[in-house]
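*Asks:* Residue numbers (the numbering used here): 1 to 225.
Idealized CB from N, CA, C, for every residue including glycine.
Sharing a structure with you now.
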Amino acid sequence: MRLFLDTANLDEIREIARWGILSGVTTNPTLLAKEGKDVRQVIVEICEIVDGPVSMEVVSTEAEGMVREAREYAAWHPNVIIKIPMTAEGLAATAVLARENIRVNMTLIFNPNQALFAALAGATYVSPFLGRLDDISTDGMELIREVVAVFRADSNIHTQVLAASLRHPRHIVEAAKAGADVATCPPAVIRKALKHPLTDIGLERFLNDWKQLEAVLAKEAVRAS
Ligand code: E4P
1 MRLFLDTANL DEIREIARWG ILSGVTTNPT LLAKEGKDVR QVIVEICEIV
51 DGPVSMEVVS TEAEGMVREA REYAAWHPNV IIKIPMTAEG LAATAVLARE
101 NIRVNMTLIF NPNQALFAAL AGATYVSPFL GRLDDISTDG MELIREVVAV
151 FRADSNIHTQ VLAASLRHPR HIVEAAKAGA DVATCPPAVI RKALKHPLTD
201 IGLERFLNDW KQLEAVLAKE AVRAS
């Protein structure tokens, strides 16, 4: 499973990209609004930091407007892929864009039929939102499992499952076990997943023991001189 970062914050993207674990970035209007910067500049800069798909979402609600926006955003950088919401108009726009080889990440997927329709319309990725389902006491991970099963059952489907709306580190490993192609994670979730108290305690002990060894060797060197 590949990992995308779910943010439009350039500092976070720069830092986590250095760790070599990222294959792409997802943004949405909420994440871009949080940054309050020129959207085109932010997206192009993200594309230059991370060499992989970078999702930019349309805000039109009619297919024609979605297609117009998508063509414009796709011309910003070859890494840009277009996030289209799961609506009837979104499906119509996706069908047009797929014929033009403009990659679509169909977003706001909350049931397996929506995912299937997105795939049939030609989406490159579908984004089931597991955290938002968990938030309303529905098993979000079960949706990931069902979408993966539906796609695997049909060899004509090449659409990838992008697990979205992750809330905690367990979601990453569970999405991988469920067979998601990608998980997109907020920086805070990745930071939490990276940490383990036994790693910190273990490292501290190794470094202290090394210091003690250096001190012993230094004393011996003084004695021998
Ligand atoms: C990703 O593509 C989505 O925009 C994102 O994961 C939504 O996450 P949220 O439910 O935490 O807002």
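1. Would you report the Cα separation of Thr30 and Met56, rounded to the nearest angstrom?
2. Can you have a look at Gln41 and say buried or exposed, based on whether 16 or more other CB atoms are within 10 angstroms of its CB?
3. Do Tyr125 and Leu91 have their C-beta atoms within less than 7 angstroms of each other?
4. Hey, how far is the Cα of Ala74 from the Cα of Leu133?
5. Okay, do the region 195-205 and the region 177-185 touch, 3+ Cβ pairs below 8 angstroms being the bar?
6. List the endpoints of the continuous alpha helix (DSSP H) containing Thr30.
7. Please classify Leu194: is it buried, with 16 or more other beta-carbons within 10 angstroms of its beta-carbon, or exposed?
8. Return helix, strand or coil for Phe206, following the three-state DSSP convention.
9. Give a yes or no on whether the C-beta atoms belonging to Ala119 and Thr159 are separated by under 7 angstroms.
10. When you compare each of Ala95, Asp38 and Gly36 to Glu64 by their alpha carbons, which one comes out closest?
11. Could you tell me if the beta carbon of Thr26 falls within a distance shorter than 6 angstroms of some heavy atom in the ligand E4P?
12. Confirm the yes/no value for this check: CB of Gly131, any heavy atom of the ligand E4P, distance under 6 angstroms.
13. Taking the alpha carbon of Lys83 as the reference point, which residue from Ile49, Trp76 and Ala70 has its own alpha carbon closest?
14. Using a Cβ-based criterion (distance less than 6 angstroms to any ligand heavy atom), does Ala314 qualify as near the ligand E4P?
15. For Glu100 and Ala93, I'd like the C-alpha separation in whole angstroms.
16. What is the residue span of the beta strand (DSSP E) that Lys83 lies within?
17. My understanding is that Val25 touches Leu5, with C-beta atoms under 8 angstroms, so please give their C-beta distance in whole angstroms.
18. Evaluate Ala188 with the Cβ neighbour count: other Cβ atoms within 10 Å of its Cβ, from every protein chain shown; 16 or more gives buried, anything less gives exposed.
19. With a threshold of 6 angstroms, establish whether the CB of Val123 neighbours any heavy atom of the ligand E4P.
20. Quick one: give me the first and last residue of the alpha helix (DSSP H) that Met66 is part of.
21. Rank Glu89, Leu143 and Met141 by C-alpha distance to the C-alpha of Ala121 and give the top, closest one.
22. Are the Cβ atoms of Leu238 and Leu3 separated by less than 7 angstroms?
*Replies:* Answer, in terms of the structure:
1. 11 angstroms
2. exposed
3. no
4. 30 angstroms
5. no
6. Pro29 to Glu35
7. exposed
8. helix
9. yes
10. Ala95
11. yes
12. yes
13. Ala70
14. The chain is shown only over 1 to 225; residue 314 falls outside these bounds and no answer can be derived.
15. 11 angstroms
16. Val80 to Pro85
17. 5 angstroms
18. exposed
19. Residue 123 is actually Ala in this sequence, not Val. Outside the cutoff, so no.
20. Ala63 to Ala74
21. Glu89
22. As shown, the chain starts at 1 and ends at 225. That puts residue 238 outside it, with no answer to give.
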